[in-house]
Structures are given as C-alpha cells and as structure tokens.
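Residue numbering for the sequence shown follows the working numbering, starting at 249 and increasing by one per position. The structure appears right after this line, and notes come after that.
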Amino acid sequence: MLIHLYRAVLIRPQSTSVSGKLPRLLIAVLLLHTASACVSAPVQPDEDPPVIFVSEPEVTVADGAIYKSTNNRFLFEDVRARRVGDVINVVLEERTDATKAASTTTNKSTGIAIPGPTILGGPVKALDREFLANDLQSQSDFTGQGDSSQSNRLSGSVAVTVTRKLPNGNLWIKGQKTISLNQGSEIVRVSGQIRPTDIAPNNSVLSSQIADAHITYGGTGLLADANQAGWLARVFLSPFWPF
C-alpha cells in the first residue's frame, strides 16, 4: 500500500513551480520514514539493576554467647559458595557446532522400439528405408544438494551471586559483567541453577554444568552500531517487503 501511495505522489504531471515540488518530496520522505517504522531495530542489551537479596529473617536465640551464628566460619571450611549472597566464578566454555548436508540424485531412462510391418517375410520399405518403424527414447535426471553449518564459541569468566537456595539444595545464580571500552561497552549476563557438588574447590563452576542456563553476550556503542544495517536497508530486508 505504501508503494502505491509513493507512486501516486511521484507520478504526476511535472510542474514548473519549485514550491509545488517541495510538498511532494516531503510526503515521499514521510512515507519512507513510515515504512521504516514497520521494521524493528535490533534490541540493544540493557544493564540489569543490581541484584537485591530477599532472604527470610533468621530467628536467633539469645544464649549469652558473644559469637553470631549468621557470620560463623568453620576452621576447616573451604571457600565454595553455599549461602545466599555468596559469590561464585562461572567459567564460560560454550561451543556449539552444527552441520547438516543432504543430497538427492534420481535417474530414469525409458526406451521403446516399434518395428515396422512386414509383408511376405520382408519389411515394408520406402526409398530403401523401413516404413512405419519407430524408436522412442525418454530420459530424465535430477540432482539436488544442500548443506548448512553453524558454529558458535564463547569463552571467558564472570563472577555471579547466589540469589536463592532451592528446596532441593541447589543454588540459583545470577550476575553480569560490563566492560566499558573507548568505543562502547560489552555486556555478559549469566543466570541459572547449579548443584553444590559441581562447584570446584577454587569456587568456580563450568557454564556447561548450569541447568536452565541463560547466557547473553552483547554490546552497545559505536562498534555495535557499525555492525547493524541502516533503517533503509532494514526496510528492503524486512519480511514485509513484497519483492
């Protein structure tokens, strides 16, 4: 519909007045701007607010001791996270490789020979050639081939916080890392569920051991904008473009 309006605005008898051309140009620009609004721009990752812990108040009994059980540290305890608010290091080692290939080949050939009639034991000829003899040949070939491959890799580390302890003893973690460079920012977010038994003695866990993992990597700034198509290019690449 926008294309027809655009043509209706531009394809008109030409006028010698400059002031008469300006409204048509303004309307054409407005139509292109309206078409670009139909194409959504890439979503930029926003920074999450700081993690707020909501823990149930612990009931303490005044027994006259000078030590607080909520801040206790065992003499032979390791540094592995186990309580809400503890920090744990997530080692990002994500790699996915997918490859798919398909090929099809078909071949069909048909031959039919129709001999000519015979009279008195000999073929019927005309101009020294057999008359009414025929030979039919048919052949069809088809070859199709397609392949697709995709590879992703993400490595690094990010420190996250234990935000909740589940009834089965597992820990729910969440956190992000923001690196601000001179031309933009890089943001890494990690959240999911881990088992305390998967935590290494150095208080780290592999990203492959996170259940219900949600890992996000994105960027903002000049470099991220340079990798995006402009609004007019997104109009032509939009699924709503009829051509």
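Heads up, the beta-carbon is just placed ideally off N, CA and C, and yes, glycines get one too.
Check	Outcome
Where residue 415 sits in the DSSP three-state scheme	coil
Limits of the beta strand (DSSP E) - the one that residue 346 falls within	335-362
Close-in-space but distant-in-sequence residues of the same chain around residue 413 (CB under 8 Å, 5 per side omitted)	331, 332, 419, 420
Alpha carbon of residue 467 to alpha carbon of residue 349, nearest angstrom	33 Å
Those residues which DSSP pairs with residue 366 across a bridge	371
Euclidean distance between Cα positions of residue 382 and residue 365	11 Å
Buried versus exposed, by CB contacts within 10 Å (16 or more), residue 456	exposed
Span of the beta strand (DSSP E), counted from its first residue to its last, around residue 441	432-442
Contact check, residue 447 vs residue 328, beta carbons under 8 Å	yes
Burial state of residue 338 (16 or more Cβ within 10 Å)	buried
Beta-carbon gap between residue 397 and residue 346 smaller than 8 Å	yes
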